[in-house]
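Using our numbering, the first residue of the sequence shown is number 6, and each one after it goes up by one.
Where a beta carbon is used, it is the ideal one built from N, C-alpha and C, also for glycine.
I have placed the structure first, in the form of structure tokens, so that the comments after it can refer back to it.
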Amino acid sequence: MVNRSLLKLGLCYIPVLLALSTNFWNNTLISAQQPGKSVTPTRVIIDADTANEIDDLYAIARGLIAPEFQMEGLTSAHFTRSTESNDSVQKSQKLNEQLLEAFGLSNRIQHPIGGDRAMKSPADPVDSPAARWIIERAHAGSSQNKLLVIALGACTNLASALRLDPTIESKVTFAFIDGDFKDGKWGPGIFNWKNDIAAVKVIFESNVEYIHMPARTVSVEMELQKVDVDRFLRGEGPGWELLIQRWDTFPRTANKPKKVMWDLALIEALLRPELATAVTVGAPIILSAEHVEQFPDNPRRIKVFKAIDADRMESDFWEAVRHQREADANDAR
Ligand SMILES: [Ca+2]
6 MVNRSLLKLG LCYIPVLLAL STNFWNNTLI SAQQPGKSVT PTRVIIDADT ANEIDDLYAI
66 ARGLIAPEFQ MEGLTSAHFT RSTESNDSVQ KSQKLNEQLL EAFGLSNRIQ HPIGGDRAMK
126 SPADPVDSPA ARWIIERAHA GSSQNKLLVI ALGACTNLAS ALRLDPTIES KVTFAFIDGD
186 FKDGKWGPGI FNWKNDIAAV KVIFESNVEY IHMPARTVSV EMELQKVDVD RFLRGEGPGW
246 ELLIQRWDTF PRTANKPKKV MWDLALIEAL LRPELATAVT VGAPIILSAE HVEQFPDNPR
306 RIKVFKAIDA DRMESDFWEA VRHQREADAN DAR
């Protein structure tokens, strides 16, 4: 029963507040520094390889209930390294559709399917409804009202959108999770990074405003406990039940008492910058999926989270769920 209060939140924020946003990062920092002050919700598309793991669903749900986000889309990503068509994106798409349906949001949040393969090279975009939707929503804004696109899987759709229409560059902020950053040095990623290294190169070598969450040494600290999942989500409606079901039935998490919620750490860091430590550094030179060259003086500057407060992020997640539950209860009265 999230939909009614989400609708209400959406209506509260309609264009009255347009003037404020300069870019996503400054806007969010302003909100962090001035608690309680109303800020423009950021226009957001979440792009997720939802079927690959279970953390995507928890991250997406956190985004869906965030009044700071005006959700403009939930797009699907593939999760193989293949540059040949494969059905992994369809699995993510199916789960995205189930999740939106369970939260009663299917008719309100666009959910176009993403590319069905990795880019063959940085010059070869994979065209898809998701990439086209990113382009369309980017042009609905401006450099003063950017679209934030958050990649929780391979960043094929983001990079392809940028390649298909380079004029979106000043109108979007991209965020992505995987490739590592430890003790001031970049390293290769574990999964998303390798699933489309050409797409990573496109973004790192562009001038798009970019925020990076390292997985191997940073978001790995973000965990949820199954006992909390059962305690706080059971009986709270089909959307939340789907999250429990996913934990219970996914082979790598079934019967596990806790789970690293990689992707949730990125959503939390974007929503609550005070819970993460970000630095602006030179982008590395990406030589291959396995090798990067350090380039601290690279004029291409990007923001990277070098640490997170995982305990407070976990608390924030449950607080947001509780707040949503109360909003739903008020709507039901
Ligand atoms: Ca993911």
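Proximity to residue i [Cα-Cα], best of the options
i    : options                : result
M266 : R67, E210, V284        : R67
I155 : L269, S293, G194, K264 : L269
Q98  : A71, E89, F84          : F84
Q230 : L276, A283, E241, D253 : D253
Cβ-heavy atom distance, residue i to ligand 1, below 6 Å
i    : result
D129 : no
D268 : yes
D54  : yes
L247 : no
D61  : yes
L105 : no
L167 : no
G158 : yes
Residue i: first and last residue of the uninterrupted alpha helix (DSSP H) it sits in
i    : result
D302 : It is not in any alpha helix (DSSP H) - D302 carries neither H nor E in the DSSP assignment.
S81  : That residue, S81, is in no alpha helix (DSSP H); its beta strand (DSSP E) goes 74–81.
G119 : Taken as a continuous stretch (DSSP letters only), G119 belongs to no alpha helix (DSSP H), as it is neither H nor E.
Segment limits, beta strand (DSSP E) that includes residue i
i    : result
R48  : 47–53
A312 : 306–313
G244 : Here G244 belongs to no beta strand (DSSP E); instead the alpha helix (DSSP H) covers 243–254.
A156 : 152–156
E214 : 214–219
D185 : 185–187
G192 : 190–192
K264 : 263–265
Under the three-state DSSP convention, the category residue i falls into
i    : result
T161 : helix
M227 : coil
F209 : helix
A274 : helix
I19  : Note on I19: pLDDT 32, under 50, position unreliable in the model; no value is reported.
A136 : helix
K96  : helix
S175 : helix
V284 : strand
L169 : helix
K199 : helix
I65  : helix
A56  : coil
F181 : strand
Residue-level contact to chain C via CB, residue i, 7 Å cutoff
i    : result
A270 : Any reference to chain C falls outside this structure, which holds one protein chain only.
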